[in-house]
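Here it is as structure tokens:
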């Protein structure tokens, strides 16, 4: 018996004490579906997959793994794009898919209490009869779960006005690595002590396992209208974004797509986009009819002054949704024109939007790969989609270098390596570009305060001190692989 087989047998025996047989998977054909998340370039089969159905079972799994020193990777719907849910080859994947109940919708408090496996969109569907909805709306909201949203601090096209997950969550209840119950935040507007809720949101499963989340709900606006504005130059479009914010306008949504992305989505959903435009902006206003009319007029004036070549304002809800359908389907549209794509997630100051787009255009020539750009322009969160063929090792390598170059360039322009997709394994090397070894050590110390044995989602998000010491060698300028050596398909 191999060491892996012996370890697997030991773990299975321990978990059989706390789980029914149907909630425990370990045969190869059963664990293959869990080998990766939305970042399919890197894969690993877990030692064991567990699918608990009760909180007592979750606690029991964590206690058993803690006693054995076995790594645990919590998993939701697997829609993440940074490899945050990629399994540990000697660890347990803790699937929380069965925690999918909406426990309470309180129309008076404007809150909902939901289990971690509830889909993002399902919250809004449950709140709709009360005239309420949950504001953060990732493009994957039809499938992604609230537990994953908490782990990654997800956003969406309306995050500029309504905030990210961290701004819309009141409380998270779950379990520590030792299997003990823990609660972050409170039902009240504030909680005593340190703001550990903000630490938990975006922690990528490294600090605790979330089981139940209390979210804020907001009233559905009386009216929403969207401007689709075309520009013949990406710099004009980028300047228009900064000009809108500078004018004191906070749109409900402010998104940007370049010409290659516009062509890809128009061929997919027929949203009516201008295929001659170098860039398109989608600018949405919501509120009362009077507020919307005034804001739309104001935004049109700003866009016109910035050189918009064409503007169209949605006349009804069906047309507004049609405008947004292209943006919401940017990722599947890219999948239609390329065997594979890698979606990056850096952020930059709004005033540098045109600069980063022009830099990415030069990188396309440098690495010999195409890139379609779509992003939350209002808060500078980029989503460049690098198109490649994963079956070609050289293309895969160039794609990695291309992605790292985008991240490093974003940091050099005053931004960060991640906005809402998380670090996972994808950006692990690039963390050394943004943070010093001392800063990474402080983040690791925070993890150690919650997880002293380091078994919750290990080897991700925070580079080791050794990797940081070698950080200079991972820069694109040196021409070396910026990512850790990871299993690939």
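Residue numbers (the numbering used here): -15 to 473.
Quick reminder that beta carbons are idealized off the backbone N, C-alpha and C, glycines included.
According to DSSP, residue 239 shares a beta bridge with 266. Counting along the chain, residue 219 sits inside the alpha helix (DSSP H) bounded by residues 218 to 230. Leaving aside the five residues that flank residue 49 on each side, the residues in its chain whose CB is nearer than 6 Å to its CB run, in chain order, 56, 76. The Cβ atoms of residue 201 and residue 96 lie closer than 8 Å to each other.
Note on geometry: alpha-carbon atoms of residue 267 and residue 18 lie some 38 Å from one another.
C-alpha of residue 221 to C-alpha of residue 354: approximately 21 Å in a straight line.
Residue environment: residue 1 is assigned as exposed (fewer than 16 neighbouring CB atoms within 10 Å of its CB, all protein chains considered). For the options 90, 118, 157, 300, the alpha carbon positioned closest to that of residue 103 is the one of 118. For residue 386, the three-state secondary structure derived from DSSP is helix.
The Cβ-Cβ distance between residue 372 and residue 356 does not fall below 8 Å. In the three-state reduction of the DSSP assignment, residue 378 falls in the helix class. Excluding its 5 nearest sequence neighbours in each direction, residue 246 has C-beta neighbours in its own chain below 7 Å: 257, 259, 261, 264, listed in chain order. Straight through space, the alpha carbons of residue 350 and residue 413 are spaced by roughly 21 Å.
Of the residues 65, 270, 344, the one whose Cα lies closest to the Cα of residue 206 is 270. Taking all protein chains in view, the Cβ of residue 53 is surrounded by fewer than 16 other Cβ atoms within 10 Å, so the residue is classified as exposed. Within the region 57 to 112, the runs of beta strand (DSSP E) that reach at least 3 residues and sit entirely inside it are, in chain order, 76 to 79, 86 to 90, 95 to 99. Comparing alpha carbon positions, the residue from 228, 243, 244 closest to residue 237 is 228. At least 8 Å separates the beta-carbon of residue 148 from that of residue 122.
Residue range 314 to 321 is occupied by the alpha helix (DSSP H) that includes residue 321. Judged by DSSP secondary structure, residue 282 falls within the alpha helix (DSSP H) whose first and last residues are 273 to 289. As DSSP reads the structure, residue 117 sits in a beta bridge with 202. Secondary structure of residue 359 (DSSP, three-state): strand. In this structure, residue 36 sits near residue 7, with a CB-CB distance shorter than 8 Å. Spatial neighbours of residue 326 in its own chain (CB-CB distance under 6 Å, excluding positions within 5 residues in sequence) are listed in chain order as 370, 383, 387. Around the Cβ of residue 16, a 10 Å sphere holds fewer than 16 other Cβ atoms; the residue is exposed.
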